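All remarks here apply to the structure that follows.
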Amino acid sequence: MHYSVVIMPQFWHMASVSINGTNSNMFVSGSCDATARLWDTRIASRAVRTFHGHEGDVNTVKFFPDGHRFGTGSDDGTCRLFDMRTGHQLQVYGLQCGDGDFPIVTSIAFSISGMLMFVGYSNGDCFVWDTLIAKVALNLGSLHDSHEQRITYLGLSADGSALCTGSWDKNLKLQRKMLM
1 MHYSVVIMPQ
11 FWHMASVSIN
21 GTNSNMFVSG
31 SCDATARLWD
41 TRIASRAVRT
51 FHGHEGDVNT
61 VKFFPDGHRF
71 GTGSDDGTCR
81 LFDMRTGHQL
91 QVYGLQCGDG
101 DFPIVTSIAF
111 SISGMLMFVG
121 YSNGDCFVWD
131 TLIAKVALNL
141 GSLHDSHEQR
151 ITYLGLSADG
161 SALCTGSWDK
171 NLKLQRKMLM
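Just so we're aligned: 37 in the UniProt record's numbering is position 37 of the sequence shown, and the numbers increase by one with no gaps anywhere.
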C-alpha cells in the first residue's frame with residue numbers, strides 16, 4: 001500500500017476539512033479568513049479554487065453526496081452550498097432572528113440523497129434543512145430536548161437511518177429514522 005503526504009499551504013487557521021467521496025484527490029477546507037478552498041492533492045502548491053461569501057470563520061465543510069458540490073457553515077450563522085466545478089454559490093441557508101442575534105453554525109451533514117442538510121449550532125439546536133428550497137424542515141430540538149451547549153459534531157450512519165449529535169454538554173443524542 002502506498003501512502004503519500006502532501007503539504008498544502010494554508011495562510012489562515014484551518015477549521016475543517018472534507019475529502020470528496022467520489023474523488024479522493026479532492027478535498028475542501030474551511031478557514032478563519034471566511035473562505036473555503038478546494039484542493040487537489042496532485043497540485044500541492046496552491047488551492048484549485050477559493051470560495052467566498054461568508055462573513056465569519058468557516059467552521060465546517062462537507063461534500064455533498066454527488067461529489068460535485070459542498071456545504072459550508074460559519075460564524076456568520078449561515079450555511080452555503082457551492083458547486084466546485086463552476087465556483088458558484090448555489091444556495092444560502094440562514095435563520096431569521098428578530099433580534100439580529102443568530103447562533104454560530106458548528107457542524108453540518110447531508111442525507112444520503114442530498115435532499116436534507118443537518119446543521120448543528122452553537123446554542124445546542126440541530127435543524128434539518130431542505131436543500132432545494134432552503135427552508136427548515138424540522139427542528140430536532142422540538143422532538144427531543146436540545147443540547148444545553150454547543151453542538152460540536154454531527155455523524156450520520158452509512159445507511160442514513162441515524163444521526164448522532166455530540167455537544168460540549170457531554171452528551172451524545174441519537175436520532176433514528178427521521179426524515180432521512
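The beta-carbon is built from N, C-alpha and C at its ideal position, and this holds for glycine as well. All of these numbers come straight from a predicted model, not from anything done at the bench.
1. Tell me which residues share the same chain as H88 and place their Cβ nearer than 8 Å to its Cβ, disregarding the 5 neighbours each side in the sequence.
2. Could you check whether the region 25-32 touches the region 118-137, counting it as contact only if at least three pairs of C-beta atoms, one from each stretch, sit closer than 8 Å?
3. What whole-angstrom Cβ distance do G67 and G114 have, given they're in contact under 8 Å?
4. Restricting to runs no shorter than 3 residues, where is the beta strand (DSSP E) found entirely within the UniProt repeat "WD" (51-92)?
5. What is the C-beta distance between E55 and D76, in whole angstroms, given that I count them as a contact (C-beta under 8 Å)?
6. Which two residues bound the contiguous beta strand (DSSP E) that contains R46?
7. Is Q175 helix, strand or coil when you go by DSSP?
8. What would DSSP say about L140, mapped onto helix, strand or coil?
9. At which residues does the beta strand (DSSP E) containing M14 begin and terminate?
10. Report the residue from S111, A109, Y93, I112 whose alpha carbon sits nearest the alpha carbon of P103.
11. Tell me the residue span of the beta strand (DSSP E) that contains D33.
12. In three-state terms, what does DSSP make of M180?
13. For N171, is the classification buried or exposed, using 16 other Cβ atoms within 10 angstroms of its Cβ as the cut-off for buried?
14. Buried or exposed for L15, please, with buried defined as at least 16 other CB atoms from any protein chain shown within 10 angstroms of its CB.
Taking the structure as given:
1. Here H88 has F82 as same chain residues with Cβ atoms under 8 Å from its own Cβ, once five neighbours each way along the sequence are excluded.
2. no
3. Wrong, their Cβ atoms sit about 10 Å apart, outside the cutoff.
4. 58-63, 69-74, 78-83
5. 4 Å
6. Careful: R46 lies outside any beta strand (DSSP E) and carries neither H nor E.
7. Under the three-state reduction of DSSP output, Q175 falls in the strand class.
8. If DSSP states are grouped into helix, strand and coil, L140 belongs with the helices.
9. 14-19
10. Y93
11. No beta strand (DSSP E) contains D33, which DSSP labels as neither H nor E.
12. At M180, the pLDDT of 48 sits below 50, so the modelled position is not reliable and the matter cannot be decided from this model.
13. exposed
14. For the sequence presented, residue 15 should be read as Ala rather than Leu. Answer is buried; the Cβ neighbour count reaches 16.
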